[in-house]
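First residue of the sequence shown? That's 490 in my numbering, and the numbers climb one at a time after it.
By construction, the Cβ of each residue, glycine as well, lies at the ideal position given by its N, Cα and C atoms.
These numbers were taken from a predicted model, which means no experiment stands behind them.
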Amino acid sequence: MDLLTYLRHRGGAARRSQLLAAGFKRPELEAAVAAGRLMRPLRGIYTTTTADDGVVAAFRSNGRLTCISAAPFYNLWALHPARALHLSCGNGVPKPGVVDHSPCTHPRHPYLPVAGLADVLIHALRCLPEPESLVMVQSAAQRGDITAEFLRKKLPGKRNGRARAVLDLLIPRADSLLEILAHTHFVRAGLNVRMHVELPGVGEVDCLVDDWLVVELDGASHFESGQIKKDHRRSRASMLGGRLTLHYCYEDVVRHPQAMVDEIRAILRLRAEGRFAHW
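Rendered as structure tokens:
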């Protein structure tokens, strides 16, 4: 593996000691800097011109990326990009523009300046708003990368009560962050909801409320021509089976969840009042 490829696999940055241990020679590093193929933003650190800003910042601060800033490195769902740099520096010294988390206590990422998955999620549960930490943990837990039980044991006492409460919202399967968020909103609203229900002639639906109201959560792929036609066919099949279908998109679930819940409640009331015929 050549020098640039090695670095690209590591976020575009590495310590000189790592590079030397990997078999690259000091003259090769200096020649790459002189030729403009590499940069040396600080002593002992070499970067490509397209290095990940977070990785470089972690090296600058002698810390590890964690919380939402580490989500991309573990392919975790994220509602929003990190608004600030989240690091675990371990020295308690304030740094402008940095959210400095508690020291890491679990094995770190094997080669990046990134906290281990356990620390990343523990920091997120303590730091982020509930929806943001929930989608991160859901994506890791359902892949089997970590368990809710493990995280719960790491979050004892009253001060971690809010973090543990997020773990109670996890579900066995969510195919997108919209599903775990919608499930949370529906359960909190007291709705009787089942996820991933197989309906005759329709196939699997995202959510089924009161066993007759289908709620489909549409990601970006649902706005493609072929998918739209498929969704329309499924909706017609659902109607023929005596079930109404509603579609909600990212904007509804993430930005206007209360309006979504209110609409569903209104439709349930109309059904109870006989405005929708009983099949």
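Tell me which residues share the same chain as residue i and place their Cβ nearer than 7 Å to its Cβ, disregarding the 5 neighbours each side in the sequence.
i, result
"Ile660", "Ile669, His672 and Met684"
"Leu606", "Tyr563, Ala629, Asp634 and Ile635"
"Arg653", "Arg641 and Leu644"
"Val694", "Val686, Leu688, Val703 and Glu705"
"Trp768", "Here Trp768 scores only 49 on pLDDT, less than 50, and its place in the model is too uncertain to base an answer on."
"Val545", "Ala502, Pro530 and Thr536"
"Asp699", "Asn681 and Leu757"
"Gly692", "Arg723"
State the start and end residues of the unbroken beta strand (DSSP E) segment that holds residue i.
i, result
"Thr734", "Leu733 to Cys738"
"Met684", "Val682 to Leu688"
"Asp695", "Gly692 to Val698"
"Glu528", "At residue 528 the sequence reads Met, which differs from the Glu that was named. Looking at the DSSP string, the run of the beta strand (DSSP E) that includes Met528 is Met528 to Leu531."
"Thr536", "Ile534 to Thr536"
"Leu658", "Counting along the chain, Leu658 falls outside any beta strand (DSSP E), and DSSP gives it neither H nor E."
"Glu705", "Leu702 to Asp707"
Note the first and the last residue of the continuous alpha helix (DSSP H) segment covering residue i.
i, result
"Arg504", "That residue, Arg504, is in no alpha helix (DSSP H); its beta strand (DSSP E) goes Ala502 to Arg504."
"Leu493", "Leu492 to Arg497"
"Phe675", "Leu666 to Arg677"
"Asp741", "From DSSP, Asp741 is part of no alpha helix (DSSP H); its letter is neither H nor E."
"Ala550", "Sequence check: residue 550 is Ser here, not Ala. Taken as a continuous stretch (DSSP letters only), the alpha helix (DSSP H) holding Ser550 covers Asp542 to Ser550."
"Ala524", "From DSSP, Ala524 is part of no alpha helix (DSSP H); its letter is neither H nor E."
"Ala755", "Pro746 to Ala761"
Would you decide whether residue i is buried or exposed? Buried here means 16 or more other CB atoms lie within 10 Å of its CB.
i, result
"Met490", "exposed"
"His575", "buried"
"Gly552", "buried"
"Leu759", "exposed"
"Ile717", "exposed"
"Gly533", "exposed"
"Val590", "Note that residue 590 is His in the sequence shown here, rather than Val. Its Cβ being crowded by 16 or more others within 10 Å, His590 is buried."
"Val742", "buried"
"Pro746", "buried"
"Ala663", "buried"
"Ala521", "buried"
"Leu531", "exposed"
"Ala755", "exposed"
"Pro547", "Note that residue 547 is Ala in the sequence shown, not Pro. It counts as buried."
"Leu658", "buried"
"Leu610", "buried"
"Leu729", "exposed"
CB residue i to CB residue j, shorter than 8 Å?
i, j, result
"Leu601", "Gly512", "no"
"Arg526", "Tyr535", "no"
"Leu697", "Val676", "no"
"Ala604", "Cys593", "yes"
"Gln627", "Trp566", "yes"
"Gly690", "Ala637", "no"
"Ala540", "Ala502", "yes"
"Gly708", "Tyr739", "yes"
"Lys584", "Ser558", "no"
"Asp542", "Ser577", "no"
"Leu573", "Val587", "Before going on, a small fix: residue 573 reads as Ala here, not Leu. Yes, the pair counts as a contact, with Cβ atoms nearer than the cut-off."
"Arg497", "Thr537", "yes"
If I measure Cβ to Cβ from residue i and keep anything under 6 Å in the same chain, skipping five residues before and after, which residues do I get?
i, result
"Cys613", "According to the sequence as given, residue 613 is Ala; it is not Cys. Counting only Cβ-Cβ distances below 6 Å, and skipping sequence neighbours, we find Cys556, Ser622 and Met625."
"Ala678", "Val750"
"Val655", "Leu614, Glu619, Ser622 and Leu623"
"Ala748", "none"
"Thr734", "Val703, Ser724 and Ser727"
"Leu667", "Leu706 and Val742"
"Thr494", "none"
"Arg515", "none"
"Asn649", "none"
"Pro701", "The sequence shown places Trp at residue 701, not Pro. Contacts found: Arg732."
Skipping 5 residues on each side, what residues in its chain have a beta carbon closer than 8 Å to that of residue i?
i, result
"Leu518", "Leu492, Arg505, Leu508, Leu527 and Tyr535"
"Glu752", "Leu735"
Can a CB atom of chain B be found closer than 8 Å to the CB of residue i?
i, result
"Ile756", "As a matter of chain content, chain B is missing from the structure shown, which is built from one protein chain."
**Request:** With a floor of 4 residues, list each alpha helix (DSSP H) that falls wholly inside the segment 560-642, ordered by position along the chain.
**Result:** Inside the segment 560-642, DSSP marks whole alpha helix (DSSP H) runs of 4 or more residues at positions 606-616, 619-631 and 637-642, from first to last along the chain.
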